[in-house]
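A.B. asks:
Number of protein chains: 2
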Amino acid sequence: MKMIMADLEGVFLPEIWINVARKTGIEALNLTTRDIRDYDVLMSRRLAILKENHLTIQDIQAVIATLDPLPGAQKILNWIRSCSQFIILSDTFEEFARPLMAKLGFPTLLCHSLSIDDQGNVTDYHLRVDNPKQKAVQAFQGLNYQVIAFGDSYNDIGMIQAADQGFFFQPPDTVVADFPDIPVTRNYDELKSRLTRLLNDS
Amino acid sequence: MKMIMADLEGVFLPEIWINVARKTGIEALNLTTRDIRDYDVLMSRRLAILKENHLTIQDIQAVIATLDPLPGAQKILNWIRSCSQFIILSDTFEEFARPLMAKLGFPTLLCHSLSIDDQGNVTDYHLRVDNPKQKAVQAFQGLNYQVIAFGDSYNDIGMIQAADQGFFFQPPDTVVADFPDIPVTRNYDELKSRLTRLLNDS
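Chains A and B, in that order, give the protein sequences. For the first sequence, the positions run 0 to 201 when numbering that gives the first Met the number 0 is used. For the second sequence, the positions run 0 to 201 when numbering that gives the first Met the number 0 is used.
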C-alpha cells in the first residue's frame, strides 16, 4: 500500500516566516531553511528576533490568519486525498499552522511545538525528534507502506531520499543544483501527472 | 506532542459488513471481530461467502455508498481535528472505506487492501502488517508522540494497551467483561470530555 508524504510551506502554503517578516517589516525574519540549513540555528535566531521586537504569539497568529493557501493548493490536496492516504511532514509549529490547516481541510500534520508563557511570549521551541521527516518516512515503511514523498527544500532531502519514490516540487535553483539526481516537478499539473503514474505503478 | 488514534467502524461509522449482510440478506456476513477474534479466519470466511453468492466489489460498494457516518460523528471528528492531530486505525479495506471517508472529510486512514480481478471479484485481501494498530501506535511513539487511542472491540486491544492513554468507546458488554481495567466512554459527550482532559494534561 502507498502513502503520500509532503512538505507544507512552499508546496501548499506560502512561507510563513517570510510573510511574518513582510507584514511586520522585520527584515531579519526573512531567513528560511533555504538560507540556513541548520534548523536549530535558524529557530534560535528567529525567537531572539521575536523577543527583541516584543512580538507575541497573538501578533504572529494575526499575521498568519491573513494568509491563504497557494493558488490551486486546496484543489490538488482534495484530489490527492481522494485517491491516496496522505500526511504532511513539516518543520513548522502546531501553534502557527493551525489556522492555515483549517483552510486546507485539516490533513494530518506531523511537525513541532512551541512553549508560550502567560503573556503570549514564545519562550522556547521543541523539535519533536531529530530528522523528523526522514524518520516519519522510515516509520511508515516499517508499517509496510511504500512512501511517495515530495518537498521543495534542504530540510526535505532526508525525506525524499528515504522515500521509495521521492522528488522535488517547485524547488529553488540552488537546491536543484546541490541535488541534481532528484527528479523535479514545477507545478500542480506536473505533480498530478507524476503522482498518478506513481500511484498506478505496482 | 500528542496524537489521537481511533478505530473507525462502531466509533464513527456503522459496521460495514453487518450492513452488507442486512442489505444483501446474507446472514453469514453478520460476523465481525466482535464474534471472531482471529481476523484472518474472519476474512477468509467473508471472501468465501462473497464468492458463493457471486457478489462483486461493485455490489458491495453500492451498499456501502448508501451508508452514512453515525449520528454526530462528523461533528465530533471536526472538533477532534481542530484541536489535535488525528489518524484512524482500522481493519477495513481502502476499497470499501473510500466513499465513507469522503463523508468524514478524508481523515488519514491506515488499513488494509484488496485484490480485485477484471470482473470485479474480490480475489484476495492483503493485511498490511501483523498487529497493525498496535504497531502504528508504537511507530508514532518512536516519533516522540504521546498517543491517545480509543476503539470498541477486540482488535483495538493492542492499540489501546500500547497507547500512552487508551480507552474504549461504546464497547459491547462482552469486551468490557474481558478487559475490565480499560476505561470506558459511552457517547460522544463523554468522549469529548475525556479527550479534552487528556489533551490538556502535560
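No residue lacks a Cβ here, since even glycine has one placed at the ideal position from N, Cα and C. Nothing here was measured: the structure is a model prediction, and the numbers come from that model.
Can you pull out the residues from the stretch 128-156 of chain A whose beta carbon lies closer than 8 Å to at least one beta carbon of chain B?
C.D. replies: 128, 131, 134, 135, 138, 139, 141, 142, 143, 144
A.B. asks: Would you list, in sequence order, the uninterrupted beta strand (DSSP E) runs of no fewer than 3 residues that lie entirely inside the stretch 83-132 of chain B?
C.D. replies: 84-92, 107-115, 121-125
A.B. asks: Compare the C-beta of residue 71 of chain A against all C-beta atoms of chain B and say whether one is closer than 8 Å.
C.D. replies: For this step, residue 71 of chain A is matched to residue 72 along the first sequence. Output row for residue 71 of chain A: interface = no.
A.B. asks: Pair every Cβ in the stretch 33-45 of chain A with every Cβ in the stretch 128-139 of chain A, then say whether three or more of these pairs are closer than 8 Å.
C.D. replies: no
A.B. asks: With DSSP collapsed to three states, give me the class of residue 168 of chain B.
C.D. replies: One-based indexing of the second sequence puts residue 168 of chain B at position 169. Here residue 168 of chain B sits in strand by DSSP.
A.B. asks: How about residue 198 of chain A and residue 81 of chain A: do their beta carbons lie closer than 8 Å?
C.D. replies: As a first step, residue 198 of chain A is located in the first sequence; it is residue number 199 there, counting from the start. As a first step, residue 81 of chain A is located in the first sequence; it is residue number 82 there, counting from the start. Not closer than 8 Å, so no.
A.B. asks: What are the boundary residues of the beta strand (DSSP E) that residue 10 of chain A is part of?
C.D. replies: Reading the first sequence from its first residue, position 11 is the one you call residue 10 of chain A. Neither: residue 10 of chain A is in no beta strand (DSSP E) and is coded neither H nor E.
A.B. asks: When you check each C-beta in the stretch 100-112 of chain A against every C-beta of chain B, which residues fall closer than 9 Å?
C.D. replies: 100, 101, 104, 105, 106, 107, 108, 109, 110, 111, 112
A.B. asks: Residue 86 of chain B versus chain A: which residues are under 7 Å apart at the beta carbon?
C.D. replies: For the purposes of this step, residue 86 of chain B is taken as the residue at position 87 of the second sequence. Ordered by position in chain A, the residues that pass the 7 Å Cβ test against residue 86 of chain B are 107.
A.B. asks: Could you check the C-alpha separation between residue 156 of chain B and residue 66 of chain B for me, to the nearest Å?
C.D. replies: Walking along the second sequence from the start, residue 156 of chain B turns up at place 157. Walking along the second sequence from the start, residue 66 of chain B turns up at place 67. Roughly 26 Å separates the two Cα atoms.
A.B. asks: Have a look at residue 30 of chain A and residue 16 of chain A and give me their C-alpha separation to the nearest angstrom.
C.D. replies: For the purposes of this step, residue 30 of chain A is identified with residue 31 of the first sequence, where counting begins at 1. For the purposes of this step, residue 16 of chain A is identified with residue 17 of the first sequence, where counting begins at 1. Answer to the nearest angstrom: the Cα atoms are 8 Å apart.
A.B. asks: Alpha carbons only, please: which of A/2, A/94, A/182, A/28 is nearest the one belonging to residue 49 of chain A?
C.D. replies: As a working note, residue 49 of chain A is residue 50 in the first sequence. Considering only alpha carbons, the answer is A/28.
A.B. asks: Residue 148 of chain A by DSSP, collapsed to three states: which one?
C.D. replies: What you label residue 148 of chain A is simply residue 149 of the first sequence in a count that begins at 1. Strand, per DSSP.
A.B. asks: Let me check you understand the geometry: is the CB of residue 194 of chain B closer than 7 Å to at least one non-hydrogen atom of the ligand SAM?
C.D. replies: Summarising the ligand content, the structure contains no ligands, and the ligand SAM is consequently not present.
A.B. asks: Once DSSP output is grouped into helix, strand and coil, what is the label at residue 31 of chain A?
C.D. replies: As a working note, residue 31 of chain A is residue 32 in the first sequence. In this structure, residue 31 of chain A counts as coil in the three-state DSSP scheme.
A.B. asks: Is DSSP giving residue 3 of chain A helix, strand or coil here?
C.D. replies: Mapped onto the first sequence, residue 3 of chain A falls at position 4. It is a strand residue.
A.B. asks: Of all the CB atoms in chain B, is at least one closer than 8 Å to the CB of residue 81 of chain A?
C.D. replies: Position 82 of the first sequence, counted from the first residue, corresponds to residue 81 of chain A. Closer than 8 Å to some Cβ of chain B, the Cβ of residue 81 of chain A qualifies, so yes.
A.B. asks: Quick one: does residue 158 of chain B have its CB under 8 Å from some CB of chain A?
C.D. replies: Working through the second sequence from its first residue, we reach residue 158 of chain B at position 159. By this cut-off, residue 158 of chain B is not an interface position.
A.B. asks: Mapping DSSP to helix, strand and coil, what is residue 173 of chain A?
C.D. replies: As a first step, residue 173 of chain A is located in the first sequence; it is residue number 174 there, counting from the start. Residue 173 of chain A falls in the helix class under three-state DSSP.
A.B. asks: So, do the stretch 180-188 of chain A and the stretch 157-170 of chain A have three or more beta carbon pairs nearer to each other than 8 Å?
C.D. replies: yes
A.B. asks: With distances taken Cα to Cα, identify the nearest neighbour of residue 110 of chain B among B/116, B/86, B/102, B/121.
C.D. replies: Within the second sequence, residue 110 of chain B is the residue found at index 111, counting from 1. When each option's Cα is compared against that of residue 110 of chain B, the closest is B/86.
A.B. asks: To the nearest angstrom, report how far apart residue 6 of chain A and residue 97 of chain A are at their CA atoms.
C.D. replies: Locating residue 6 of chain A in the first sequence gives position 7, counting from the first residue. Locating residue 97 of chain A in the first sequence gives position 98, counting from the first residue. Rounded to the nearest angstrom, the two C-alpha atoms are 15 Å apart.
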